[in-house]
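In the numbering used here, the protein residues as written are 110 to 260. Backbone N, C-alpha and C define an ideal beta-carbon position, used for all residues, glycine too. Since we're looking at a predicted model, the values are computed, not measured.
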């Protein structure tokens with residue numbers, strides 16, 4: 110019985126050990142935004158824009174600043190950022206207060222879902238979903254490339 114439990118726990122956790130790939134189903138996630146509000150990343154989400162670095166986040170911010178404040182929700186898009194590498198004092202006293210000035214929600218990766226989203230060095234990840242199943246992953250570098258995807 111204990112072996113079966115440990116096997117289940119190990120393989121349940123290993124689902125999050127590697128990043129997601131095309132063909133996989135995204136598990137329903139609950140991720141807090143910069144205001145500590147919980148968001149469900151579920152079957153209604155059609156696209157995830159993911160950034161792993163400050164530079165990528167700046168590019169996404171530039172792109173989203175040209176859009177209506179409801180652009181993400183109106184198009185079933187979640188913007189997810191990984192700030193887990195940032196020292197906690199920096200994130201608490203500088204990054205999060207600055208993010209609260211943005212007109213759009215930024216879902217913030219925590220230790221629970223760190224490493225889940227696919228990354229290509231120095232590029233923004235665009236994950237396309239259909240009923241939570243990943244149908245495509247693209248990587249872009251510039252705001253122009255990002256805008257071209259969302260025409």
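task = Assign residue 189 to one of two classes, buried (16 or more other C-beta atoms within 10 Å of its C-beta) or exposed (fewer than that).
result = By one-based count along the chain shown, residue 189 stands at place 80. By the 10 Å Cβ count, residue 189 comes out buried.
request  = Provide the residue span of the beta strand (DSSP E) that contains residue 156, from first to last.
outcome  = Taking the first residue of the chain shown as position 1, residue 156 is located at position 47. Segment 156-160, the beta strand (DSSP E) holding residue 156.
query = Should residue 137 and residue 255 be called a contact, given that it needs their Cβ atoms to be closer than 8 Å?
reply = What you label residue 137 is simply residue 28 of the chain shown in a count that begins at 1. What you label residue 255 is simply residue 146 of the chain shown in a count that begins at 1. It is not a contact, given that the beta carbons lie outside the stated cut-off.
inquiry  = I'd like to check one pair, residue 249 with residue 232: are the Cβ atoms closer than 8 Å?
reply    = Here residue 232 corresponds to residue number 123 of the chain shown, with the count starting at 1. Here residue 249 corresponds to residue number 140 of the chain shown, with the count starting at 1. Yes, the Cβ-Cβ distance between residue 232 and residue 249 is below 8 Å.
ask   = Which of helix, strand or coil does DSSP assign to residue 180?
value = By one-based count along the chain shown, residue 180 stands at place 71. Three-state DSSP puts residue 180 in a helix.
query = Which value, in whole angstroms, describes the spacing of the CA atoms of residue 115 and residue 221?
reply = Position 6 of the chain shown holds residue 115. Position 112 of the chain shown holds residue 221. With a pLDDT of 34 at residue 115, under the threshold of 50, the modelled position of this residue cannot be trusted; read the value that follows with caution. Going from the Cα of residue 115 to the Cα of residue 221 covers about 19 Å.
key: Buried or exposed (CB count within 10 angstroms, at least 16 for buried), residue 253   = Here the question's residue 253 lines up with position 144 in the chain shown. Taking all protein chains in view, the Cβ of residue 253 is surrounded by fewer than 16 other Cβ atoms within 10 Å, so the residue is classified as exposed.
task = Can you check the stretch 194-251 for any alpha helix (DSSP H) of at least 4 residues that lies completely inside it and give the ranges in chain order?
result = 205-208
inquiry  = Beta-carbon within less than 8 Å of residue 128's beta-carbon, same chain only, minus the 5 sequence neighbours each way: which residues are those?
reply    = For the purposes of this step, residue 128 is identified with residue 19 of the chain shown, where counting begins at 1. The answer, listed in chain order, is 224, 225, 226, 227 and 228.
key: Separation of residue 148 from residue 156, as counted between CA atoms   = What you label residue 156 is simply residue 47 of the chain shown in a count that begins at 1. What you label residue 148 is simply residue 39 of the chain shown in a count that begins at 1. Distance between the alpha carbons of residue 156 and residue 148: 14 Å.
task = Please name the residue or residues paired with residue 190 in a DSSP beta bridge.
result = Translated into the one-based positions of the chain shown, residue 190 becomes position 81. Per DSSP, 160 and 217.
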